[in-house]
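Student:
Residue numbers (my numbering): 46 to 412.
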């Protein structure tokens, strides 16, 4: 009997040991095996061990908006000067006016991170978006003595897998893994919704479209566009700029637009004033375009301002979808949809302010 009791006790202890050893919280981004330590591998393949919990944070470059989606401005102890100067009507800034009151920790892009100012802020961790390369990140960590988590390579638009990886990394480090998962799931649901609505539209029923005046490293005129534009690809749209064979930002010869002569033109309202100025100089160019003649020129909210604002990019997809496929999007009110997106990601409905600043979802006239 005693022998059976001893054996049973040892079995129970063994099972308990296995349970304890297996209870580390694991994610695709890192492991929290010790409540006082978080081990992650960042997007440059660097393995980092961070003291937990993380209570003081700075987010530089493109990391700021991602951090705001997950944790608002909680625990931020500094902000780049570029986040407090024009344009300050980026959605994450509108939703978090307290950003303007935080101490400055550097100038921000295109300037290099300021190691001395970052160290003075004494964050527990630095989230670094696409602002420095791997060597620069290593150097910044050495100079500050603070773990720097690289969130880099997010170059393929709003549904980029690397973007999802960056969101998940922030979630793991900040103890907000559930929130980051909800955001990724939300974005994937939008992607699937777009495909469901448009995948069966016959090619001969799809209008050709050109999106112009897109911002990148500043505002640009009608000649600035994107090849393999992810926001159009998810709509299964016929983007005339795809014939360039290029991906990403493209500056076209304006005469190409005459050759392509798209059915519909979308103007990013960040560059709308430049388009109007160009019209004044050369009205015949624009008036020869079918879309201008037929009143098929539309404005979308600008989504590029100090990197891509994912909330606005998602909202633009629904508006452009309705412009291209009114039957498939007849149940969608773009204004209600954009406020739903802003509220989910940033906690506030922001369309009215964005429309006040830029014009909003509407037909545009030239001049």
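By construction, the Cβ of each residue, glycine as well, lies at the ideal position given by its N, Cα and C atoms. Keep in mind the model is a prediction, meaning the values are calculated, not measured.
Using only the alpha-carbon positions, how far apart do residue 197 and residue 227 sit?
Tutor: Here residue 197 refers to the residue found at position 152 when the chain shown is read from its first residue. Here residue 227 refers to the residue found at position 182 when the chain shown is read from its first residue. In a straight line, the C-alpha of residue 197 is about 21 Å away from that of residue 227.
Student: To which residues of the same chain is residue 400 closer than 7 Å at the C-beta, ignoring the five residues directly before and after it?
Tutor: Taking the chain shown and counting its residues from 1, the one referred to as residue 400 is at position 355. Hits under 7 Å: none found.
Student: Just list the alpha helix (DSSP H) runs in the stretch 293-340, keeping only unbroken ones of 4 residues or longer that don't cross its boundaries, in chain order.
Tutor: DSSP runs (the alpha helix (DSSP H)) wholly in the stretch 293-340: 299-305, 317-326, 328-332 and 335-338.
Student: Should residue 397 go down as buried or exposed, given a rule of 16 or more other Cβ atoms within 10 Å for buried?
Tutor: The residue given as residue 397 occupies position 352 in the chain shown. Its Cβ having fewer than 16 others within 10 Å, residue 397 is exposed.
Student: Does the separation of the CB atoms of residue 266 and residue 320 fall below 9 Å?
Tutor: Within the chain shown, numbered from 1, the residue matching residue 266 stands at position 221. Within the chain shown, numbered from 1, the residue matching residue 320 stands at position 275. For residue 266 and residue 320, yes; Cβs fall inside 9 Å.
Student: Considering just the uninterrupted stretch of the alpha helix (DSSP H) at residue 189, what are its terminal residues?
Tutor: For this step, residue 189 is matched to residue 144 along the chain shown. 179-189 is the span of the alpha helix (DSSP H), which, as asked, contains residue 189.
Student: Can you give, in chain order, each stretch of the beta strand (DSSP E) that sits fully within the stretch 248-285 and has at least 3 residues?
Tutor: Listed in chain order, they are 253-257 and 269-272.
Student: Could you check the C-alpha separation between residue 394 and residue 357 for me, to the nearest Å?
Tutor: Numbered from 1 along the chain shown, position 349 holds the residue referred to as residue 394. Numbered from 1 along the chain shown, position 312 holds the residue referred to as residue 357. So the alpha carbons of these two residues sit roughly 12 Å apart.
Student: Please check the pair residue 295 and residue 271, which I expect to be a contact at CB under 8 Å, by giving their CB distance rounded to whole angstroms.
Tutor: Counted from its first residue, the chain shown places residue 295 at position 250. Counted from its first residue, the chain shown places residue 271 at position 226. Contact holds; Cβ gap of about 6 Å.
Student: Are the stretch 151-159 and the stretch 103-118 in contact at 8 Å, needing three or more beta carbon pairs?
Tutor: Yes, they touch.
Student: Expressed to the nearest angstrom, what Euclidean distance is found between the alpha-carbon atoms of residue 330 and residue 371?
Tutor: For the purposes of this step, residue 330 is identified with residue 285 of the chain shown, where counting begins at 1. For the purposes of this step, residue 371 is identified with residue 326 of the chain shown, where counting begins at 1. So the two alpha carbons sit approximately 28 Å from each other.
Student: What is the rounded straight-line gap between the Cα of residue 188 and the Cα of residue 161?
Tutor: Along the chain shown, read from residue 1 onward, the residue named residue 188 stands at position 143. Along the chain shown, read from residue 1 onward, the residue named residue 161 stands at position 116. Roughly 8 Å between the two C-alpha positions.
Student: Assuming contact is defined by CB atoms lying nearer than 9 Å, are residue 408 and residue 342 in contact in what I supplied?
Tutor: Reading the chain shown from its first residue, position 363 is the one you call residue 408. Reading the chain shown from its first residue, position 297 is the one you call residue 342. For residue 408 and residue 342, yes; Cβs fall inside 9 Å.
Student: Express the C-alpha separation of residue 212 and residue 167 in angstroms, rounding to a whole number.
Tutor: Locating residue 167 in the chain shown gives position 122, where the first residue counts as 1. Locating residue 212 in the chain shown gives position 167, where the first residue counts as 1. The straight-line gap from Cα to Cα measures roughly 23 Å.
Student: Flag this pair as touching only if the stretch 292-307 and the stretch 233-243 have three or more C-beta atom pairs under 8 Å; answer yes or no.
Tutor: Too few Cβ pairs lie closer than 8 Å, so no.
Student: How about residue 345 and residue 378: do their beta carbons lie closer than 9 Å?
Tutor: Counting from 1 along the chain shown, the entry for residue 345 is found at position 300. Counting from 1 along the chain shown, the entry for residue 378 is found at position 333. No, Cβ-Cβ distance for residue 345 and residue 378 is not below 9 Å.
Student: Rounded to whole angstroms, what's the CA-CA distance from residue 286 to residue 99? Just pull it up for me.
Tutor: In the chain shown, counting from the first residue as 1, residue 286 sits at position 241. In the chain shown, counting from the first residue as 1, residue 99 sits at position 54. Cα to Cα, residue 286 sits roughly 45 Å from residue 99.
Student: Let me confirm a value: residue 347 is counted as buried when at least 16 other C-beta atoms fall within 10 Å, else exposed. Which label applies?
Tutor: Indexing the chain shown from 1 puts residue 347 at position 302. Its Cβ being crowded by 16 or more others within 10 Å, residue 347 is buried.
Student: If we call anything under 9 Å between Cβ atoms a contact, is residue 355 one with residue 232?
Tutor: Looking up residue 355 in the chain shown gives position 310. Looking up residue 232 in the chain shown gives position 187. Yes; because the gap between Cβ atoms is below 9 Å, this pair is in contact.
Student: Please report the straight-line C-alpha distance between residue 254 and residue 375, rounded to a whole angstrom.
Tutor: Counting from 1 along the chain shown, the entry for residue 254 is found at position 209. Counting from 1 along the chain shown, the entry for residue 375 is found at position 330. Distance between the alpha carbons of residue 254 and residue 375 is about 19 Å.
Student: Helix or strand or just coil, what does DSSP make of residue 232?
Tutor: Counted from its first residue, the chain shown places residue 232 at position 187. Three-state DSSP puts residue 232 in a helix.
Student: On the CB-based measure, 16 or more other CB atoms within 10 Å of its CB, does residue 360 come out buried or exposed?
Tutor: Counted from its first residue, the chain shown places residue 360 at position 315. Buried, because 16 or more other Cβ atoms sit within 10 Å of the Cβ of residue 360.
Student: For residue 363, collect the residues of the same chain with a Cβ closer than 6 Å to its Cβ; drop the 5 residues on either side in sequence, then sort them by chain order.
Tutor: Looking up residue 363 in the chain shown gives position 318. The residues are 377, 379 and 382.
Student: Roughly how many angstroms lie between the CA atoms of residue 403 and residue 315, to the nearest whole one?
Tutor: On the chain shown, position 358 is the one that residue 403 refers to. On the chain shown, position 270 is the one that residue 315 refers to. Rounded to whole angstroms, residue 403 to residue 315 spans 7 Å at the Cα level.
Student: Is the Cβ-Cβ distance between residue 281 and residue 273 less than 9 Å?
Tutor: In the chain shown, the residue the question calls residue 281 occupies position 236. In the chain shown, the residue the question calls residue 273 occupies position 228. In this structure, residue 273 does not lie closer than 9 Å to residue 281 by Cβ.
Student: Checking 9 Å against the spacing of the C-beta atoms, do residue 179 and residue 91 come in under that value?
Tutor: In the chain shown, the residue the question calls residue 179 occupies position 134. In the chain shown, the residue the question calls residue 91 occupies position 46. Against a cut-off of 9 Å, the Cβ pair of residue 91 and residue 179 comes out as a contact.
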